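Data first, discussion second: the structure below is written as C-alpha coordinates.
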Amino acid sequence: MTKKLLVGIIMVLLCLQAVAPQTAFAAINKKELEAYAAELGTDAESLNRYLIDFEWGGMEEYGASSVNELREWLGEPVTEENLQSFLDESGYTKEDIMKALTEKGLADKGYTAADILLYSDLNWLLGDPATSENLQELAEELGLTEKELADLFAANGLDLYSYMSMDNLYELIYNEVNDLSLHFLLQETELTQEEFNQLLAENKKTLDDFQSYEELAEFVYEATGYGEISMDDYWEMAGPFLDLIGISKEEFFRAFTYMEEVVLHDPEAFITGLEDIAARAEALGNFETSTELTEAQGQELIAIWDDLMGIFQMKAAFYLVDGDTKTPVTMEELMKVTDLENRVLLVDLFDAQGNHLLNFTITGELFGSELVAKAPVLEAPESEAPAEPAYKHEAPVKEKAVTAPVKIAAETVKQEGKRLPDTASPIGNLLAAGTALLAAGAALYVWNRRKKHSN
(Lines of atoms letter the chains of each structure in order from A and count residues from 1; the text may use other names and numbers.)
(Lines give C-alpha, C1' and ligand atoms only; values in the text may rest on other atoms or scores of the structure.)
Protein backbone atom coordinates (compact mmCIF):
# COMPACT_ATOMS: atom_id res chain seq x y z
CA MET A 1 0.00 0.00 0.00
CA THR A 2 1.24 3.44 -0.85
CA LYS A 3 1.04 6.62 1.36
CA LYS A 4 -1.35 8.31 -1.07
CA LEU A 5 -3.90 5.52 -0.80
CA LEU A 6 -3.74 5.45 3.00
CA VAL A 7 -4.21 9.20 3.45
CA GLY A 8 -6.98 9.10 0.85
CA ILE A 9 -8.87 6.47 2.86
CA ILE A 10 -8.63 8.53 6.03
CA MET A 11 -9.84 11.64 4.24
CA VAL A 12 -12.83 9.75 2.86
CA LEU A 13 -13.69 8.64 6.38
CA LEU A 14 -13.33 12.21 7.63
CA CYS A 15 -15.90 13.72 5.31
CA LEU A 16 -17.89 10.65 4.23
CA GLN A 17 -18.35 12.23 0.84
CA ALA A 18 -17.33 10.97 -2.55
CA VAL A 19 -15.57 13.01 -5.14
CA ALA A 20 -17.85 14.63 -7.65
CA PRO A 21 -19.05 12.19 -10.30
CA GLN A 22 -17.48 12.43 -13.70
CA THR A 23 -19.30 14.51 -16.23
CA ALA A 24 -20.63 12.81 -19.33
CA PHE A 25 -19.42 14.26 -22.60
CA ALA A 26 -21.07 14.33 -25.94
CA ALA A 27 -19.72 12.14 -28.69
CA ILE A 28 -17.42 13.64 -31.31
CA ASN A 29 -18.91 14.42 -34.69
CA LYS A 30 -18.20 11.34 -36.82
CA LYS A 31 -17.19 13.28 -39.93
CA GLU A 32 -14.77 15.42 -37.95
CA LEU A 33 -13.34 12.32 -36.31
CA GLU A 34 -12.80 10.63 -39.66
CA ALA A 35 -11.09 13.76 -40.95
CA TYR A 36 -8.78 13.85 -37.93
CA ALA A 37 -7.98 10.16 -38.29
CA ALA A 38 -7.15 10.76 -41.95
CA GLU A 39 -4.68 13.45 -40.90
CA LEU A 40 -2.94 10.77 -38.84
CA GLY A 41 -2.93 8.40 -41.81
CA THR A 42 -5.65 6.05 -40.63
CA ASP A 43 -9.43 5.84 -40.15
CA ALA A 44 -11.59 6.30 -37.06
CA GLU A 45 -12.02 2.59 -36.35
CA SER A 46 -8.29 1.91 -36.70
CA LEU A 47 -7.47 4.96 -34.55
CA ASN A 48 -9.65 3.64 -31.75
CA ARG A 49 -7.99 0.23 -32.00
CA TYR A 50 -4.57 1.91 -31.97
CA LEU A 51 -5.44 3.84 -28.81
CA ILE A 52 -6.51 0.62 -27.10
CA ASP A 53 -3.40 -1.26 -28.24
CA PHE A 54 -1.10 1.55 -27.09
CA GLU A 55 -2.88 1.66 -23.72
CA TRP A 56 -4.57 5.01 -24.08
CA GLY A 57 -7.94 3.29 -23.75
CA GLY A 58 -10.79 3.50 -26.21
CA MET A 59 -12.27 6.89 -27.02
CA GLU A 60 -15.50 6.03 -25.23
CA GLU A 61 -13.57 5.74 -21.97
CA TYR A 62 -12.71 9.43 -21.77
CA GLY A 63 -15.45 10.87 -23.95
CA ALA A 64 -13.86 13.91 -25.57
CA SER A 65 -16.53 16.37 -26.68
CA SER A 66 -14.75 17.62 -29.79
CA VAL A 67 -11.96 16.77 -32.19
CA ASN A 68 -9.98 19.75 -30.90
CA GLU A 69 -10.18 18.32 -27.38
CA LEU A 70 -9.07 14.92 -28.66
CA ARG A 71 -6.26 16.48 -30.67
CA GLU A 72 -5.04 18.47 -27.67
CA TRP A 73 -4.98 15.39 -25.47
CA LEU A 74 -3.29 13.03 -27.91
CA GLY A 75 -0.71 15.62 -28.84
CA GLU A 76 1.68 15.91 -31.73
CA PRO A 77 1.48 13.30 -34.50
CA VAL A 78 4.57 11.48 -35.70
CA THR A 79 6.13 12.86 -38.88
CA GLU A 80 9.27 11.86 -40.73
CA GLU A 81 10.95 15.01 -39.46
CA ASN A 82 10.18 14.71 -35.75
CA LEU A 83 10.81 10.95 -35.81
CA GLN A 84 14.30 11.55 -37.15
CA SER A 85 14.86 14.33 -34.61
CA PHE A 86 13.78 11.97 -31.83
CA LEU A 87 16.21 9.29 -33.01
CA ASP A 88 19.06 11.79 -33.37
CA GLU A 89 18.53 13.34 -29.94
CA SER A 90 17.92 10.11 -28.03
CA GLY A 91 20.41 7.83 -29.73
CA TYR A 92 17.69 5.26 -30.33
CA THR A 93 17.31 3.53 -33.68
CA LYS A 94 14.35 2.14 -35.58
CA GLU A 95 15.59 -1.28 -34.53
CA ASP A 96 15.17 -0.19 -30.90
CA ILE A 97 11.60 0.83 -31.69
CA MET A 98 10.90 -2.58 -33.21
CA LYS A 99 12.43 -4.27 -30.18
CA ALA A 100 10.17 -2.25 -27.88
CA LEU A 101 7.12 -3.06 -30.01
CA THR A 102 8.03 -6.74 -29.77
CA GLU A 103 8.48 -6.60 -25.99
CA LYS A 104 5.03 -5.04 -25.59
CA GLY A 105 3.43 -7.60 -27.92
CA LEU A 106 2.57 -4.94 -30.50
CA ALA A 107 4.78 -6.38 -33.23
CA ASP A 108 2.66 -9.53 -33.06
CA LYS A 109 -0.33 -7.34 -33.92
CA GLY A 110 1.45 -6.10 -37.03
CA TYR A 111 2.80 -2.78 -35.78
CA THR A 112 6.08 -1.43 -37.11
CA ALA A 113 7.92 1.83 -36.46
CA ALA A 114 6.05 3.33 -39.40
CA ASP A 115 2.70 2.61 -37.74
CA ILE A 116 3.31 4.78 -34.68
CA LEU A 117 0.88 7.67 -34.95
CA LEU A 118 1.61 9.81 -31.91
CA TYR A 119 4.92 11.36 -30.91
CA SER A 120 4.39 10.72 -27.21
CA ASP A 121 4.14 7.00 -27.97
CA LEU A 122 7.82 7.02 -28.89
CA ASN A 123 8.65 7.99 -25.32
CA TRP A 124 6.03 5.60 -23.98
CA LEU A 125 7.61 2.72 -25.88
CA LEU A 126 11.26 3.45 -25.24
CA GLY A 127 11.28 5.48 -22.04
CA ASP A 128 13.43 8.51 -21.38
CA PRO A 129 16.78 8.13 -23.12
CA ALA A 130 19.87 7.91 -20.93
CA THR A 131 21.23 11.25 -22.11
CA SER A 132 23.94 13.11 -20.24
CA GLU A 133 21.32 15.53 -18.92
CA ASN A 134 19.13 12.71 -17.57
CA LEU A 135 22.13 10.93 -16.07
CA GLN A 136 23.19 14.11 -14.29
CA GLU A 137 19.66 14.51 -12.92
CA LEU A 138 19.66 10.91 -11.66
CA ALA A 139 23.06 11.40 -10.03
CA GLU A 140 21.85 14.56 -8.28
CA GLU A 141 18.79 12.70 -6.96
CA LEU A 142 21.17 10.14 -5.48
CA GLY A 143 23.43 12.82 -3.99
CA LEU A 144 26.27 12.13 -6.42
CA THR A 145 27.97 13.67 -9.41
CA GLU A 146 27.68 11.89 -12.74
CA LYS A 147 31.32 10.79 -12.45
CA GLU A 148 30.76 9.43 -8.94
CA LEU A 149 27.74 7.51 -10.18
CA ALA A 150 29.71 6.11 -13.10
CA ASP A 151 32.53 5.09 -10.75
CA LEU A 152 30.04 3.39 -8.44
CA PHE A 153 28.63 1.43 -11.38
CA ALA A 154 32.15 0.46 -12.43
CA ALA A 155 33.01 -0.68 -8.89
CA ASN A 156 30.07 -3.07 -9.15
CA GLY A 157 31.08 -4.36 -12.57
CA LEU A 158 28.58 -2.23 -14.49
CA ASP A 159 28.87 0.43 -17.17
CA LEU A 160 26.59 3.40 -16.58
CA TYR A 161 26.90 4.47 -20.20
CA SER A 162 25.83 1.13 -21.64
CA TYR A 163 22.18 1.76 -20.77
CA MET A 164 20.02 3.34 -23.46
CA SER A 165 16.91 3.92 -21.34
CA MET A 166 16.51 5.59 -17.96
CA ASP A 167 13.81 3.03 -17.16
CA ASN A 168 16.45 0.30 -17.21
CA LEU A 169 18.56 2.29 -14.77
CA TYR A 170 15.60 2.91 -12.47
CA GLU A 171 14.84 -0.81 -12.52
CA LEU A 172 18.44 -1.62 -11.64
CA ILE A 173 18.68 0.86 -8.77
CA TYR A 174 15.20 0.75 -7.29
CA ASN A 175 13.61 -2.61 -8.06
CA GLU A 176 16.25 -5.30 -8.48
CA VAL A 177 18.28 -6.94 -5.72
CA ASN A 178 21.93 -6.31 -6.53
CA ASP A 179 25.03 -4.76 -5.00
CA LEU A 180 24.13 -1.36 -6.42
CA SER A 181 20.60 -1.21 -5.03
CA LEU A 182 21.92 -2.55 -1.72
CA HIS A 183 24.48 0.27 -1.62
CA PHE A 184 21.76 2.92 -1.81
CA LEU A 185 19.53 1.07 0.67
CA LEU A 186 22.32 0.93 3.23
CA GLN A 187 23.10 4.57 2.57
CA GLU A 188 19.47 5.51 3.17
CA THR A 189 19.21 3.56 6.42
CA GLU A 190 22.73 4.54 7.55
CA LEU A 191 23.84 0.94 7.89
CA THR A 192 27.36 -0.28 7.21
CA GLN A 193 27.96 -3.43 5.20
CA GLU A 194 29.14 -5.14 8.38
CA GLU A 195 25.96 -4.18 10.24
CA PHE A 196 23.86 -5.43 7.35
CA ASN A 197 25.74 -8.72 7.29
CA GLN A 198 25.11 -9.05 11.02
CA LEU A 199 21.39 -8.46 10.47
CA LEU A 200 21.34 -11.23 7.88
CA ALA A 201 23.18 -13.59 10.20
CA GLU A 202 20.90 -12.85 13.16
CA ASN A 203 17.87 -13.62 11.02
CA LYS A 204 19.48 -16.61 9.27
CA LYS A 205 19.14 -15.03 5.84
CA THR A 206 21.31 -14.38 2.81
CA LEU A 207 20.89 -11.84 0.04
CA ASP A 208 19.67 -14.64 -2.24
CA ASP A 209 16.64 -15.13 0.00
CA PHE A 210 15.07 -11.89 -1.23
CA GLN A 211 13.14 -12.19 -4.48
CA SER A 212 12.68 -8.45 -4.96
CA TYR A 213 14.03 -5.14 -3.75
CA GLU A 214 10.71 -4.59 -2.01
CA GLU A 215 11.27 -7.67 0.15
CA LEU A 216 14.84 -6.62 0.93
CA ALA A 217 13.89 -3.06 1.85
CA GLU A 218 11.01 -4.22 4.03
CA PHE A 219 13.34 -6.58 5.88
CA VAL A 220 15.86 -3.83 6.57
CA TYR A 221 13.21 -1.29 7.59
CA GLU A 222 11.55 -3.69 10.03
CA ALA A 223 14.80 -5.08 11.44
CA THR A 224 16.18 -1.61 12.15
CA GLY A 225 12.96 0.24 12.97
CA TYR A 226 13.89 2.74 10.28
CA GLY A 227 11.28 5.43 9.67
CA GLU A 228 8.93 4.47 12.49
CA ILE A 229 7.14 7.32 14.24
CA SER A 230 6.67 7.43 18.01
CA MET A 231 3.49 8.38 19.84
CA ASP A 232 5.19 11.64 20.83
CA ASP A 233 5.73 12.38 17.14
CA TYR A 234 2.06 11.78 16.43
CA TRP A 235 1.05 14.01 19.33
CA GLU A 236 3.29 16.78 18.05
CA MET A 237 1.53 16.59 14.69
CA ALA A 238 -2.02 16.11 15.92
CA GLY A 239 -1.95 17.62 19.41
CA PRO A 240 -3.14 21.15 18.58
CA PHE A 241 -6.23 19.82 16.81
CA LEU A 242 -6.97 17.15 19.43
CA ASP A 243 -6.58 19.74 22.17
CA LEU A 244 -9.10 21.91 20.34
CA ILE A 245 -11.76 19.22 20.75
CA GLY A 246 -10.75 18.35 24.30
CA ILE A 247 -8.55 15.27 23.90
CA SER A 248 -5.64 15.29 26.34
CA LYS A 249 -2.21 13.83 25.68
CA GLU A 250 -2.88 11.11 28.26
CA GLU A 251 -6.14 10.14 26.55
CA PHE A 252 -4.47 10.17 23.16
CA PHE A 253 -1.67 7.86 24.32
CA ARG A 254 -4.18 5.50 25.95
CA ALA A 255 -6.34 5.32 22.84
CA PHE A 256 -3.34 5.07 20.54
CA THR A 257 -1.88 2.16 22.52
CA TYR A 258 -5.21 0.36 22.36
CA MET A 259 -5.60 0.95 18.63
CA GLU A 260 -2.05 -0.18 18.03
CA GLU A 261 -2.91 -3.50 19.67
CA VAL A 262 -6.05 -3.78 17.53
CA VAL A 263 -4.16 -3.09 14.33
CA LEU A 264 -1.25 -5.39 15.03
CA HIS A 265 -3.59 -8.26 15.91
CA ASP A 266 -4.54 -8.49 12.22
CA PRO A 267 -3.00 -5.71 10.08
CA GLU A 268 -4.35 -7.03 6.79
CA ALA A 269 -7.91 -7.20 8.09
CA PHE A 270 -7.61 -3.66 9.47
CA ILE A 271 -6.42 -2.19 6.17
CA THR A 272 -8.93 -4.23 4.16
CA GLY A 273 -11.69 -2.99 6.45
CA LEU A 274 -10.71 0.64 5.91
CA GLU A 275 -10.63 0.13 2.16
CA ASP A 276 -14.09 -1.46 2.23
CA ILE A 277 -15.52 1.42 4.23
CA ALA A 278 -13.94 3.93 1.85
CA ALA A 279 -15.59 2.18 -1.10
CA ARG A 280 -18.96 2.17 0.63
CA ALA A 281 -18.66 5.85 1.51
CA GLU A 282 -17.80 6.65 -2.08
CA ALA A 283 -20.82 4.69 -3.28
CA LEU A 284 -23.10 7.07 -1.37
CA GLY A 285 -22.33 9.69 -3.99
CA ASN A 286 -21.91 13.43 -3.65
CA PHE A 287 -24.41 15.15 -1.36
CA GLU A 288 -24.63 18.47 0.43
CA THR A 289 -27.08 17.69 3.22
CA SER A 290 -28.35 14.55 4.91
CA THR A 291 -31.84 15.39 3.63
CA GLU A 292 -30.64 14.57 0.11
CA LEU A 293 -30.05 10.97 1.13
CA THR A 294 -32.71 8.34 0.75
CA GLU A 295 -33.74 6.43 3.84
CA ALA A 296 -31.58 3.52 2.70
CA GLN A 297 -28.58 5.81 2.16
CA GLY A 298 -29.05 7.35 5.59
CA GLN A 299 -29.06 3.89 7.12
CA GLU A 300 -25.93 3.03 5.16
CA LEU A 301 -24.21 6.16 6.50
CA ILE A 302 -25.02 5.02 10.02
CA ALA A 303 -23.89 1.48 9.20
CA ILE A 304 -20.59 2.86 7.91
CA TRP A 305 -19.99 4.56 11.25
CA ASP A 306 -20.94 1.38 13.14
CA ASP A 307 -18.58 -0.70 11.02
CA LEU A 308 -15.84 1.89 11.47
CA MET A 309 -16.19 1.47 15.21
CA GLY A 310 -16.18 -2.29 14.69
CA ILE A 311 -12.86 -2.16 12.86
CA PHE A 312 -11.37 -0.08 15.67
CA GLN A 313 -13.08 -2.37 18.23
CA MET A 314 -14.53 0.66 19.93
CA LYS A 315 -17.93 1.72 21.22
CA ALA A 316 -19.24 5.26 21.16
CA ALA A 317 -21.82 7.14 23.22
CA PHE A 318 -23.22 10.53 22.18
CA TYR A 319 -24.67 13.27 24.36
CA LEU A 320 -26.03 16.75 23.80
CA VAL A 321 -24.99 18.90 26.75
CA ASP A 322 -26.95 22.04 27.60
CA GLY A 323 -25.60 23.60 30.78
CA ASP A 324 -25.95 20.96 33.48
CA THR A 325 -28.27 18.82 31.36
CA LYS A 326 -26.67 15.87 29.57
CA THR A 327 -29.02 14.11 27.14
CA PRO A 328 -28.07 10.80 25.46
CA VAL A 329 -28.74 10.80 21.71
CA THR A 330 -28.62 8.17 19.00
CA MET A 331 -26.98 8.34 15.61
CA GLU A 332 -30.41 8.60 14.00
CA GLU A 333 -31.22 11.63 16.14
CA LEU A 334 -27.88 13.25 15.44
CA MET A 335 -28.50 12.92 11.71
CA LYS A 336 -31.34 15.40 12.14
CA VAL A 337 -29.38 17.99 14.11
CA THR A 338 -28.71 21.11 12.03
CA ASP A 339 -27.61 23.57 14.70
CA LEU A 340 -26.15 22.95 18.15
CA GLU A 341 -27.10 26.46 19.24
CA ASN A 342 -25.73 26.76 22.81
CA ARG A 343 -25.36 23.03 23.28
CA VAL A 344 -22.21 20.91 23.12
CA LEU A 345 -21.91 17.53 21.42
CA LEU A 346 -20.02 15.13 23.70
CA VAL A 347 -18.65 11.87 22.28
CA ASP A 348 -17.34 9.17 24.63
CA LEU A 349 -15.21 6.37 23.21
CA PHE A 350 -14.70 3.02 24.94
CA ASP A 351 -12.71 -0.09 24.10
CA ALA A 352 -14.42 -3.41 23.36
CA GLN A 353 -14.48 -4.28 27.08
CA GLY A 354 -16.16 -1.00 28.00
CA ASN A 355 -13.08 0.73 29.39
CA HIS A 356 -13.09 4.47 28.77
CA LEU A 357 -10.50 5.64 26.24
CA LEU A 358 -11.29 9.29 25.66
CA ASN A 359 -13.99 11.81 25.00
CA PHE A 360 -14.13 14.85 22.80
CA THR A 361 -16.51 17.77 22.52
CA ILE A 362 -17.82 19.79 19.62
CA THR A 363 -19.13 23.26 20.31
CA GLY A 364 -21.54 25.18 18.13
CA GLU A 365 -18.62 27.24 16.88
CA LEU A 366 -16.94 24.13 15.52
CA PHE A 367 -20.15 22.45 14.36
CA GLY A 368 -19.78 22.19 10.59
CA SER A 369 -17.32 21.41 7.87
CA GLU A 370 -14.87 24.00 9.24
CA LEU A 371 -13.93 21.44 11.90
CA VAL A 372 -12.38 19.15 9.33
CA ALA A 373 -10.47 22.02 7.76
CA LYS A 374 -8.64 22.45 11.07
CA ALA A 375 -7.47 18.84 11.22
CA PRO A 376 -3.81 18.24 10.38
CA VAL A 377 -2.53 15.53 8.09
CA LEU A 378 -0.46 12.85 9.79
CA GLU A 379 2.38 12.48 7.33
CA ALA A 380 4.20 9.18 6.99
CA PRO A 381 7.98 9.45 6.53
CA GLU A 382 8.96 9.45 2.91
CA SER A 383 11.75 7.36 1.48
CA GLU A 384 13.27 8.14 -1.85
CA ALA A 385 10.89 6.84 -4.45
CA PRO A 386 12.02 5.57 -7.83
CA ALA A 387 11.58 8.01 -10.64
CA GLU A 388 8.62 6.97 -12.72
CA PRO A 389 8.53 7.00 -16.51
CA ALA A 390 7.63 10.48 -17.63
CA TYR A 391 5.12 9.30 -20.20
CA LYS A 392 1.90 7.62 -19.14
CA HIS A 393 -1.39 7.35 -20.95
CA GLU A 394 -3.96 8.77 -18.61
CA ALA A 395 -7.36 10.21 -19.41
CA PRO A 396 -7.60 13.93 -18.74
CA VAL A 397 -9.39 14.87 -15.51
CA LYS A 398 -12.54 16.83 -16.24
CA GLU A 399 -13.00 19.43 -13.54
CA LYS A 400 -16.58 20.13 -12.65
CA ALA A 401 -17.29 23.72 -11.71
CA VAL A 402 -18.06 23.94 -8.01
CA THR A 403 -18.44 26.73 -5.51
CA ALA A 404 -16.27 27.18 -2.44
CA PRO A 405 -14.26 23.95 -2.61
CA VAL A 406 -13.70 22.42 0.83
CA LYS A 407 -10.12 22.04 2.02
CA ILE A 408 -9.93 18.62 3.59
CA ALA A 409 -7.51 18.35 6.51
CA ALA A 410 -4.64 20.16 4.80
CA GLU A 411 -3.75 22.28 1.80
CA THR A 412 -2.13 19.31 0.10
CA VAL A 413 -5.05 16.89 0.33
CA LYS A 414 -8.04 18.11 -1.67
CA GLN A 415 -11.20 16.71 -3.14
CA GLU A 416 -13.83 18.32 -5.28
CA GLY A 417 -16.95 19.06 -3.30
CA LYS A 418 -19.19 21.77 -1.93
CA ARG A 419 -19.06 23.36 1.49
CA LEU A 420 -21.86 22.13 3.72
CA PRO A 421 -24.33 24.98 4.18
CA ASP A 422 -25.43 26.06 7.64
CA THR A 423 -28.62 24.00 7.31
CA ALA A 424 -26.75 20.77 6.67
CA SER A 425 -26.24 18.13 9.35
CA PRO A 426 -22.46 17.55 9.20
CA ILE A 427 -22.69 14.55 11.48
CA GLY A 428 -20.47 12.45 9.24
CA ASN A 429 -17.68 14.94 9.73
CA LEU A 430 -18.20 15.27 13.45
CA LEU A 431 -18.41 11.60 14.30
CA ALA A 432 -15.31 10.74 12.32
CA ALA A 433 -13.18 13.75 13.24
CA GLY A 434 -12.29 12.70 16.77
CA THR A 435 -11.24 9.16 15.87
CA ALA A 436 -9.86 9.71 12.40
CA LEU A 437 -6.52 11.04 13.59
CA LEU A 438 -6.19 8.09 15.94
CA ALA A 439 -7.09 5.80 13.06
CA ALA A 440 -4.55 7.52 10.87
CA GLY A 441 -1.91 7.02 13.53
CA ALA A 442 -2.69 3.34 13.91
CA ALA A 443 -2.87 2.78 10.18
CA LEU A 444 0.33 4.71 9.60
CA TYR A 445 1.94 2.52 12.24
CA VAL A 446 1.11 -0.47 10.06
CA TRP A 447 2.32 1.45 7.03
CA ASN A 448 5.63 2.05 8.75
CA ARG A 449 5.89 -1.62 9.66
CA ARG A 450 5.32 -2.52 6.04
CA LYS A 451 7.24 0.41 4.58
CA LYS A 452 8.10 0.15 0.92
CA HIS A 453 10.72 2.00 -1.10
CA SER A 454 8.39 2.43 -4.03
CA ASN A 455 5.14 4.33 -4.50
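Per mature numbering (1 follows the signal peptide of the UniProt record, and there is no 0), the sequence shown runs over residues -26 to -1, 1 to 429. Where a beta carbon is used, it is the ideal one built from N, C-alpha and C, also for glycine. On a predicted model such as this, the values are computed, not experimentally measured, just so you know.
Asked, Found
"Nearest candidate by alpha-carbon position, reference T53, set D17, D95 and L75", "D95"
"Enclosing alpha helix (DSSP H) for Y293 [first to last residue]", "First-last for Y293: M288 to D296, but that is the beta strand (DSSP E), not the alpha helix (DSSP H)."
"Candidates K121, D27, Y148 and A252: closest to D89 by CA position", "D27"
"Span separating the alpha-carbon of E6 from that of A87", "26 Å"
"Backbone CA spacing between Y187 and L174 [nearest angstrom]", "15 Å"
"Distance between beta carbons of A81 and E99, contact taken as under 8 Å", "The question names Glu, yet the displayed sequence has Leu at residue 99. So it is not a contact: roughly 11 Å between Cβ atoms."
"I285 vs L248 beta-carbon contact at 8 Å", "yes"
"Terminal residues of the alpha helix (DSSP H) in which T198 lies", "Y187 to T198"
"At least 3 beta-carbon pairs within less than 8 Å: the segment 314 to 324 vs the segment 290 to 304", "yes"
"Cα-Cα separation between T76 and G49, rounded to whole angstroms", "24 Å"
"Per-residue burial, residue 430 [other beta carbons within 10 Å of its own, 16 or more giving buried]", "Since the first residue shown for the chain is -26 and the last is 429, residue 430 is missing from the structure and cannot be characterised."
"Neighbourhood of N130 by C-beta, 8 Å cutoff - its chain only, sequence neighbours within 5 removed", "N152, D153, L154 and H157"
"Uninterrupted beta strand (DSSP E) stretches inside the segment 85 to 133 (no shorter than 3 residues)", "none"
"Cβ-Cβ distance between F230 and Y200 below 8 Å", "no"
"Assumed close pair M205, F227 - CB separation to whole angstroms, cut-off 8 Å", "6 Å"
"Reduced DSSP category for F(-2) - H, G, I as helix; E, B as strand; rest coil", "Residue confidence for F(-2) is low, a pLDDT of 34 falling below 50, so the modelled location carries little weight and cannot support an answer."
"Cβ shell of R254 (< 6 Å), same chain only, five flanking positions each side left out", "I278"
"Alpha-carbon to alpha-carbon, L165 and Y195", "11 Å"
"Buried/exposed call for L238, threshold 16 Cβ in 10 Å", "exposed"
"Span separating the alpha-carbon of A9 from that of M72", "28 Å"
"The beta strand (DSSP E) enclosing T301, as first and last residue numbers", "T299 to V303"
"Per DSSP, cross-strand counterpart(s) of S139", "P103"
"For L218 and K300, the rounded distance between their alpha carbons", "21 Å"
"Outcome for L323 when other beta-carbon atoms lying within 10 angstroms are tallied against a minimum of 16", "buried"
"Rounded straight-line distance, which links the Cα of S39 to that of G32", "14 Å"
"Within 8 Å, strictly: CB atoms of L126 and L109", "no"
"Cβ pair G220, T335 closer than 8 Å", "yes"
"A326 vs Q287 beta-carbon contact at 8 Å", "yes"
"Option nearest L116 by Cα separation, candidates L159, E256 and P51", "L159"
"8 Å Cβ cutoff met for T198 and T246", "no"
"Element boundaries [beta strand (DSSP E), containing D325]", "V318 to D325"
"Sequence-distant residues of the same chain with beta carbon closer than 6 Å to Y66, five excluded per side", "L100"
"Range of the contiguous beta strand (DSSP E) that encloses I26", "Note, I26: premise wrong, no beta strand (DSSP E); alpha helix (DSSP H) at A18 to D27."
"Where A384 falls: helix, strand or coil (DSSP)", "Any reading at A384 needs caution, since the residue's pLDDT is 29, under 50, leaving its predicted position unreliable; the model's value is listed next. Three-state result, A384: strand."
"Contact check, E122 vs A128, beta carbons under 8 Å", "no"
"Within 8 Å, strictly: CB atoms of L258 and L275", "yes"
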